[in-house]
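Peer 1:
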Amino acid sequence: MPEVVDVGASFTQQMIDEGYAEAYKPTVWDEIPDALKDPEGHWVASYYGVMAIATNTTIVTDAPTTFADLEDPKYKGQVTLNGDPREAGAAFGAVMAASLANGGSFDDIMPGIEYFAGLKESGNLQSVDVTEATLLSGEVPIALDWTYNFPGVAPQLEEAGFDLQVTVPTDGVYGGYYAQSVVTESAHPCSARLFLEHLVGDDGALGYLEGGAIPARYATLVEEGKVDADLAKNLPDADTISKIEFPTQDQIDAAKATLAEQWGPMVADK
Numbered sequence: 004m005p006e007v008v009d010v011g012a013s014f015t016q017q018m019i020d021e022g023y024a025e026a027y028k029p030t031v032w033d034e035i036p037d038a039l040k041d042p043e044g045h046w047v048a049s050y051y052g053v054m055a056i057a058t059n060t061t062i063v064t065d066a067p068t069t070f071a072d073l074e075d076p077k078y079k080g081q082v083t084l085n086g087d088p089r090e091a092g093a094a095f096g097a098v099m100a101a102s103l104a105n106g107g108s109f110d111d112i113m114p115g116i117e118y119f120a121g122l123k124e125s126g127n128l129q130s131v132d133v134t135e136a137t138l139l140s141g142e143v144p145i146a147l148d149w150t151y152n153f154p155g156v157a158p159q160l161e162e163a164g165f166d167l168q169v170t171v172p173t174d175g176v177y178g179g180y181y182a183q184s185v186v187t188e189s190a191h192p193c194s195a196r197l198f199l200e201h202l203v204g205d206d207g208a209l210g211y212l213e214g215g216a217i218p219a220r221y222a223t224l225v226e227e228g229k230v231d232a233d234l235a236k237n238l239p240d241a242d243t244i245s246k247i248e249f250p251t252q253d254q255i256d257a258a259k260a261t262l263a264e265q266w267g268p269m270v271a272d273k
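Numbering of the sequence shown is given in our numbering, commencing with residue 4 and proceeding in unit increments.
(1) Going along the chain, which unbroken runs of the alpha helix (DSSP H) with 4 or more residues stay wholly within the stretch 14-68?
(2) Could you pull the start and end residues of the alpha helix (DSSP H) that Val-176 belongs to?
(3) Helix, strand or coil, according to DSSP, for Ile-238 in the structure here?
(4) Rounded to the nearest angstrom, what separates Val-82 and Thr-170 at their Cα positions?
(5) Is it buried or exposed for Met-4, if we count other Cβ within 10 angstroms and need 16 for buried?
(6) Taking its Cβ as the centre, do 16 or more other Cβ atoms sit within 10 Å of Pro-67, making it buried, or is it exposed?
(7) Please classify Asp-9: does DSSP put it in a helix, a strand, or coil?
(8) Would you decide whether Val-225 is buried or exposed? Buried here means 16 or more other CB atoms lie within 10 Å of its CB.
(9) Considering only DSSP beta bridges, list what Asp-111 is partnered with.
(10) Count the other C-beta atoms from every protein chain shown that fall within 10 angstroms of the C-beta of Val-47, then say buried if there are 16 or more, exposed otherwise.
(11) Out of Ala-38, Asn-59, Phe-119, which one is the CA nearest neighbour of Gly-164?
(12) Look at the alpha carbon of Ser-194 and the alpha carbon of Phe-14, and state the distance between them as a whole number of angstroms.
(13) In whole angstroms, what separates the C-alpha of Thr-251 from that of Gly-44?
(14) CA-CA distance, Thr-30 and Asp-233?
(15) If we call anything under 8 Å between Cβ atoms a contact, is Tyr-181 one with Val-53?
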């Protein structure tokens, strides 16, 4: 049985409703933005990323930089989602970002579903998982995933003879967090709470920065002079970070319901 969990934003309410999330507010609670924590303390999001287009430029020499670019026929069979948006937070984020890029909003994810229906129909969207193995084999030349999932694999790609370009699409900037919670009735509740303290404290936050993720307390760390150029090298630029907003739980739940109803008939089952 897990004692601390890490789940996508689209599953936080389910976790609470099913009684798995203990209420615990870490000591740095006041430094965590309201959008990145449950008001009652059932979860905190210690980090977030921004949806990006990662291109193996050894295979795809003309790298796409926008969602509009991905519709070009020259990318046939090359565009890949990281999972199923009904089950995976990264894929959910990609659909929401595509919606924003095509006239949608946090209240309307349908343009994103329609966008991927079009990519599937054109043959540009392939049904392969984004994994370290598929990236290193070249099977996934263009991946839609969080910014922080690429710094770790980039050196291995280089060793394999591939170059990687990671771009935040200018027409659909979307940030997505992952929430951590102490599990109710965990075997070692005090250890679980201490681990949560570690994740949102300075040690955990600076570790996230090294890996290319944006810690929840990023603004505080910058203000305290703890984010130098080396730590920030794997992050999106400051202007992009400043534009990040997050949907409310109600908006996430509504989008999740629409995906559950429409993704199969419009995309997955085609």
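For each residue, glycine too, the CB sits at the ideal point set by N, CA and C.
Peer 2: Here's the rundown:
(1) Entirely contained in the stretch 14-68, the alpha helix (DSSP H) runs reaching 4 residues are, in chain order, 15-20.
(2) Note, Val-176: premise wrong, no alpha helix (DSSP H); not H, not E.
(3) A small correction: the amino acid at residue 238 is Leu; Ile does not occupy that position in the sequence shown. Leu-238 falls in the coil class under three-state DSSP.
(4) C-alpha separation (whole angstroms): 14 Å.
(5) It is exposed - the Cβ of Met-4 has fewer than 16 other Cβ atoms within 10 Å.
(6) Pro-67 should be labelled buried.
(7) It is a strand residue.
(8) It counts as exposed.
(9) Note: Asp-111 sits in a beta bridge opposite Ser-108.
(10) With 16 or more other Cβ atoms within 10 Å, it is buried.
(11) The shortest CA-to-CA distance from Gly-164 to any of Ala-38, Asn-59, Phe-119 is the one to Asn-59.
(12) Rounded to the nearest angstrom, the two C-alpha atoms are 24 Å apart.
(13) Those two C-alpha atoms are separated by around 16 Å.
(14) Cα to Cα, the separation comes out at about 28 Å.
(15) Against a cut-off of 8 Å, the Cβ pair of Val-53 and Tyr-181 comes out as no contact.
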